[in-house]
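**Student:** First, the structure itself, so that you have it in front of you.
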Amino acid sequence: MNTKIRIASFGFKRIFITTLLTGSLLACKTAELSVHQELEKETEIYPVKGRQGSLIGQVLSFGSFRTDKIKRGWTFGYSIPFIVRFNGASEKLSFTQYGSNGQTADVAVVSKFRETELSQLEEYFSISLKYKNYFAGTVKTSDPADNWDFLVHNVDGPGRSLNNKSTVGFIRNGHMRIEISGIRELKGSSSLLTQNEVYGYEYTLNGNIIGAVSTINNGKVWLKRDLSTPLKLLLASVSSGLMLRNSVANQDLI
6 MNTKIRIASF GFKRIFITTL LTGSLLACKT AELSVHQELE KETEIYPVKG
56 RQGSLIGQVL SFGSFRTDKI KRGWTFGYSI PFIVRFNGAS EKLSFTQYGS
106 NGQTADVAVV SKFRETELSQ LEEYFSISLK YKNYFAGTVK TSDPADNWDF
156 LVHNVDGPGR SLNNKSTVGF IRNGHMRIEI SGIRELKGSS SLLTQNEVYG
206 YEYTLNGNII GAVSTINNGK VWLKRDLSTP LKLLLASVSS GLMLRNSVAN
256 QDLI
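Residue numbers (my numbering): 6 to 259.
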């Protein structure tokens, strides 16, 4: 009888140690964003360089896309509605996004809004404010008629319940709207453990997922291969803004 108990005890300890070691190995792996299966085919996937390290002279690059040196403020001299409205905001970033074929876009973002600026945000985007945590910006391309604004609601706040955990937003111009959804899942992790954090964002146009960005660790960008060159530049611009905004928060996972 004692022999059976000792064998059972040894077996339990072995299983426990194996489970513990497996958990430790998984914990040491770099966290990876869990993206929709639509982005696993016909998609360009770009690792990002420049997100870690000093913010002085910071430049982001991925694939054929890169920014110039990130500026902690706005230096654009032209008058576009978003910049005019939020020029007094305290936490601002700006940069030029370079793409393929010599295309460029000027990007200006507000990484955090003060209480006194929320009413302006509500009026400008025609939204009903539910949170105090927003991220917004504008993308000016070489075509004066093709300027874009974007907004993300509840940019890092936890979901308020298991059935209402989405961080949502949009990118819009006068005739098109791209939806933004927060991603709260990591590969190999239970959604019950990760649903209180935002690790990246997906872009959806006309019901189809067209891209995504990971805002953890070094960052990563997904763009559907068949997108037009201007649309890729737009998504690259917004993705750079989101990664820069999160790099300020220093959100690193291992």
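Each residue gets a CB set at the ideal place from its N, CA and C atoms; glycine is no exception.
1. With residue 175 and residue 185 assumed to form a contact (beta carbons below 8 Å), what rounded beta-carbon distance in angstroms separates them?
2. Since residue 142 sits in a beta bridge, which residues does DSSP pair it with?
3. How is residue 241 classed by DSSP in three states: helix, strand or coil?
4. I think residue 63 touches residue 54, with their Cβ atoms under 8 Å apart; what is that distance to the nearest whole Å?
5. Just the C-alpha distance for residue 144 and residue 40, rounded to the nearest angstrom, thanks.
6. Taking 8 Å as the threshold (C-beta atoms), are residue 115 and residue 91 in contact?
7. Where residue 172 and residue 136 are concerned, what is the direct C-alpha to C-alpha distance, given to the nearest angstrom?
8. Taking the beta strand (DSSP E) that residue 96 falls in, what are its first and last residues?
9. If you count every other CB in all the chains shown that lies within 10 Å of the CB of residue 205, and 16 or more means buried, which is it?
10. Which value, in whole angstroms, describes the spacing of the CA atoms of residue 105 and residue 138?
11. How many Å lie between residue 49 and residue 218 at the Cα?
12. Going by beta-carbon coordinates alone, are residue 110 and residue 97 separated by less than 8 Å?
13. Are there 16 or more other CB atoms within 10 angstroms of the CB of residue 242, so buried, or fewer, so exposed?
14. Hey, quick one: how far does the alpha helix (DSSP H) through residue 71 stretch, first residue to last?
15. Under DSSP, the alpha helix (DSSP H) around residue 173 begins and ends at which residues?
16. Between 140, 150, 210, 134, which lies nearest to residue 245 when the distance is taken from Cα to Cα?
17. For residue 183, which residues in the same chain have their Cβ closer than 6 Å to its Cβ, ignoring the five residues on either side in sequence?
18. Determine the contact status of residue 220 and residue 247, defining contact as a CB-CB distance below 8 Å.
19. Ignore the nearest five residues each way along the sequence and tell me which others in residue 156's own chain have a CB closer than 7 Å to its CB.
20. Would you tell me roughly how many angstroms separate the C-alpha atoms of residue 226 and residue 128, rounded to the nearest one?
21. So residue 79 and residue 88 are in contact, right, with Cβ under 8 Å, and what is the actual spacing, rounded?
22. Using the Cβ count rule (16 or more neighbours within 10 Å means buried), how would you classify residue 240?
23. If you drop the 5 nearest sequence neighbours on each side, which residues of the same chain put their C-beta closer than 6 Å to that of residue 224?
24. When the distance is taken between beta carbons, is residue 102 closer than 8 Å to residue 70?
25. Do you know how far the Cα of residue 38 is from the Cα of residue 203?
26. Does DSSP put residue 191 in a helix, a strand or coil?
**Tutor:** In brief:
1. 6 Å
2. 114, 155
3. helix
4. Going by Cβ atoms, the distance from residue 63 to residue 54 rounds to 11 Å, so no, they are not a contact pair.
5. 25 Å
6. yes
7. 11 Å
8. 96-103
9. buried
10. 33 Å
11. 12 Å
12. no
13. buried
14. No alpha helix (DSSP H) contains residue 71, which is instead part of the beta strand (DSSP E) from 70-72.
15. Premise fails: residue 173 lies in the beta strand (DSSP E), 173-177, not in any alpha helix (DSSP H).
16. 140
17. 176, 208, 210
18. yes
19. 130, 139, 141, 174, 175
20. 31 Å
21. 6 Å
22. buried
23. 53, 56, 248
24. yes
25. 10 Å
26. strand
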